[in-house]
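A quick write-up on the structure given underneath.
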Amino acid sequence: MDPLKEPVPVMPTAHYAMGGIPTTLWGQVIKDEKNTVVPGLYAAGEAACVSLHGANRLGTNSLGDLVVFGRRAGIHAARFARDADYHELTEEHLGESRERIERIKNSTGKEKVAALRAELQQSMMDNASVFRTGELLQKQVEILKELMDRYKRISIDDKGDAYNTELVEALELGYLLEVSEALVHSALNRTESRGAHAREDYPERDDENWLKHTLAYKVEDGKVAFRYKPVVLGRFEPKARTY
Amino acid sequence: MQVTLKILRFDPAKDKKPRWETYQVEAEPTDRVLDLLHKVKWYQDGSLAFRRSCGHGICGSDAMLINGKNRLACKTLVKDLGSVITVEPIRGLPVEKDLIVDMEPFFAAYRAVKPYLINDEPPPQRERLQSPEERARFDQGTKCILCASCTTSCPVFWVNGTYIGPAAIVQAHRFIFDSRDRGKRERFKALGSGSGVWRCRTAYNCTEACPREIPVTQLIEEVKRAILFDSF
C-alpha cells in the first residue's frame, strides 16, 4: 500500500510467549514441582522458562535471557555430552516417531494443514489473546478438541523423504495444537489477572491463591492436569503496576 | 490480480532434470513472492519445497532467482514484477529439491575465512574499546545476512565452484578491517590462494544482487589491496 493514499493497517500480533519448558539455571529441563531434572535434555530462549520474566516479559529482556541462559545451557550440555555414554536406539524408542510420520504420509483424510492452522491461529487470537474471559477460554477448549479431532484426518501431497517441508509443517501443527491446549487450559484455570494474563472476569491479582507457577500435564486430548511450583521472589516484592 | 507463477521444480526421487511448473495465483499487487509461494504450497500443491524462516529479510533463507535476478522472496513485491513471474533456485550450487540448494559449499567458503574475532592478546579489564570511526570502517560488511545472493550471481563462481566467492570475502573484510582483530594473516592464506580474491573479475553482479545494499565489489577490492600492501 501507499501510505500517502491509504491508511496504514495496524493490528496487534502474538509477539512473545511467556512461560515454556521449565529449566534450571543451567538450562536443564525439569519435569515436576520438585525440580527433578530430565538428564540430557536442555531448553533455552523463548521455548524455555528459567522463570526470569514472570507473567510479563519486559522489552529486550528476551535477548538477555537468550544470551545468558543459552550460553549456560550450552556449557552444561557440552559437559554432559563429554561424560555421557550413547544409549542404544531401540525400536521401542523409534516406534512412536516413525508411526507418527507414517500415519501422516499414508493418510487419505480430507483435512489440510494450512486450513486447519489458519483456524487455530484465528480462534486463538479471538479467544485466548491477552484480554480473555472464562467464557471465551471455555469456548476455545471446545474448538481445540474439534481441531485435534480433525488433525487426525489430515493428509499431505508430498510422500517423499527428501526435504519434505510439507511433512514438517504437518508435524509442527500437531505441536502447535498441544501447546495451545496447555495455554488455554492453564489460562482458564488461573482465576486472576497477572501480567499479560488479563482475565476480564477476574481483573485483580490474587497473590494469596496464585503467586505460583502452573505446571500443565497432558492427560489426553482435551484433558490437562495441573501441578504448582512456588515462585522464587529474591529481593523484589511483587507490586501492583500503577503507572 | 491474476499472476502466472512459473517455478523451476526438481524432485530427486522422480526427475532426471528440472522441469517448469505453472500455477495461476490470485494476488494483491502488494503481496510478496513469498506469499505467492505459500499460496501454492498451502492451497494448490503441498509438495513444493523452498526455504524461508523470518519472512522479513533478515534470516537470509529465501534467496531465489526471481525474473532472472537474485532476490529475497520475502522482500520482492508482485507490483514490481508484473503478472508473469518466474522463480528458479539460485545458481551454481547443487539443487536438492525444487528451490532448495545444497548450501554446504557456500558455508565451507565462509568457514575458510575464519569469520570470528581473532586476538590472543590478554583481554583488558573491561571491553576492547573501539572509536566510532574504527567501528564505521567495517560497518557495511556487518549488514550481510549470508543469503548467498551475491555468490550465486557471480559468473566466476558459476564456472569455478571452488572460488571462495563474494559473501566469504565480505565476511573476511568485516574482521580484517576491525581494529580489535589480529587474524588478517590467517585469513590471507585462504583469500590469497588460487581460489581466493584474485579470481574476482569485478563483474559487479554481486553488488547488484545484494538485498542489503552492501557495496560488495568495493569491499572485495579493499581486501585485494589489503593483501597486496601487506606484502610490502
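Just so you know, the protein sequences line up as chains G and X, in that order. Under this note's numbering, the first sequence is numbered contiguously, ending at residue 243. Under this note's numbering, the second sequence is numbered contiguously, ending at residue 1232. Built from N, CA and C at the ideal position, the CB exists for glycine as well. Just so we're clear, the structure is a prediction, and the values are computed from it rather than from any experiment.
Status (buried if at least 16 other CB within 10 Å, exposed otherwise) for residue i
i	result
Lys-1184(X)	buried
Met-1(G)	exposed
Gln-140(G)	buried
Ser-180(G)	buried
Tyr-151(G)	buried
Leu-1117(X)	exposed
His-1038(X)	buried
Pro-39(G)	exposed
Thr-1217(X)	buried
Asn-61(G)	exposed
Cys-1154(X)	buried
Ser-129(G)	exposed
Thr-165(G)	buried
Tyr-42(G)	buried
Ile-75(G)	exposed
Lys-1017(X)	exposed
Phe-1177(X)	buried
Arg-1111(X)	exposed
Met-1103(X)	buried
Thr-23(G)	buried
Thr-191(G)	exposed
Ser-1061(X)	buried
Gly-1196(X)	buried
Gln-1002(X)	exposed
Tyr-16(G)	exposed
Thr-1207(X)	buried
For residue i, the three-state DSSP class (helix, strand or coil)
i	result
Pro-1105(X)	helix
Gly-40(G)	strand
Leu-1219(X)	helix
Tyr-175(G)	helix
Val-184(G)	helix
Pro-1155(X)	helix
Leu-1072(X)	strand
Glu-102(G)	helix
Val-1113(X)	coil
Arg-1128(X)	coil
Ile-1176(X)	helix
Leu-147(G)	helix
Val-168(G)	helix
Glu-237(G)	coil
Lys-1224(X)	helix
Pro-1166(X)	helix
Phe-131(G)	strand
Ala-1148(X)	coil
Arg-1137(X)	coil
Glu-208(G)	helix
Lys-223(G)	strand
Lys-159(G)	coil
Under 7 Å by beta carbon: chain X residues contacting residue i
i	result
Ala-114(G)	Trp-1042, Tyr-1043
Asp-158(G)	Gly-1046, Ser-1047
Glu-220(G)	Neighbours of Glu-220(G) on chain X: none; closest Cβ ~29 Å, over 7 Å.
Glu-172(G)	Residues of chain X passing the Cβ test: none, with the nearest at roughly 13 Å.
DSSP bridge partner residues for residue i (one or two, in chain order)
i	result
Pro-22(G)	Cys-49(G)
Glu-142(G)	Glu-142(G) is not bridged to any residue.
Glu-1088(X)	Leu-1065(X)
Leu-1077(X)	Arg-1032(X)
Lys-31(G)	DSSP, once it has assigned bridges, lists no residue as partnering Lys-31(G).
Gln-1002(X)	Glu-1026(X)
Thr-214(G)	Tyr-228(G)
Glu-200(G)	Answer is none; Glu-200(G) lacks a bridge partner.
Lys-152(G)	Paired residue(s): none; Lys-152(G) is not in a bridge.
Ile-1100(X)	Lys-1097(X)
Arg-194(G)	His-197(G)
Closer than 8 Å at the beta carbon, the chain G residues around residue i
i	result
Ala-1063(X)	Simply none; closest approach about 16 Å.
Pro-1311(X)	The first residue shown for chain X is 1001 and the last is 1232, placing residue 1311(X) beyond what the model contains.
Thr-1030(X)	Met-1
Interface residues of chain G facing residue i [CB-CB closer than 7 Å]
i	result
Ile-1100(X)	Tyr-163
Lys-1097(X)	Ala-162, Tyr-163
Asp-1011(X)	Gly-160
Under 9 Å from the C-beta of residue i: neighbouring residues of chain X
i	result
Glu-102(G)	Going along chain X, no residue has its Cβ under 9 Å from Glu-102(G), so there is no contact; the nearest lies around 17 Å.
Glu-6(G)	In chain order: nothing, as chain X lies at least about 10 Å away.
Glu-88(G)	Here the premise fails: no neighbours, minimum Cβ distance about 30 Å.
Glu-204(G)	None at all; the shortest Cβ gap to chain X is about 39 Å.
Legend entry - Runs of alpha helix (DSSP H) wholly within the segment 1183–1217 of chain X (minimum 4 residues, chain order): The segment 1183–1217 of chain X contains these whole alpha helix (DSSP H) runs: 1184–1191, 1205–1209.
Inset, instruction - Could I get the ranges of all uninterrupted beta strand (DSSP E) runs contained in the segment 1008–1066 of chain X, with 3 residues as the minimum, in chain order? - result: Within the segment 1008–1066 of chain X, the complete beta strand (DSSP E) runs of at least 3 residues are 1019–1026, 1063–1066.
Inset, instruction - Return the chain-ordered ranges of every beta strand (DSSP E) run that is complete within the segment 57–127 of chain G and spans a minimum of 3 residues. - result: Fully contained in the segment 57–127 of chain G is no beta strand (DSSP E) run of length 3 or more.
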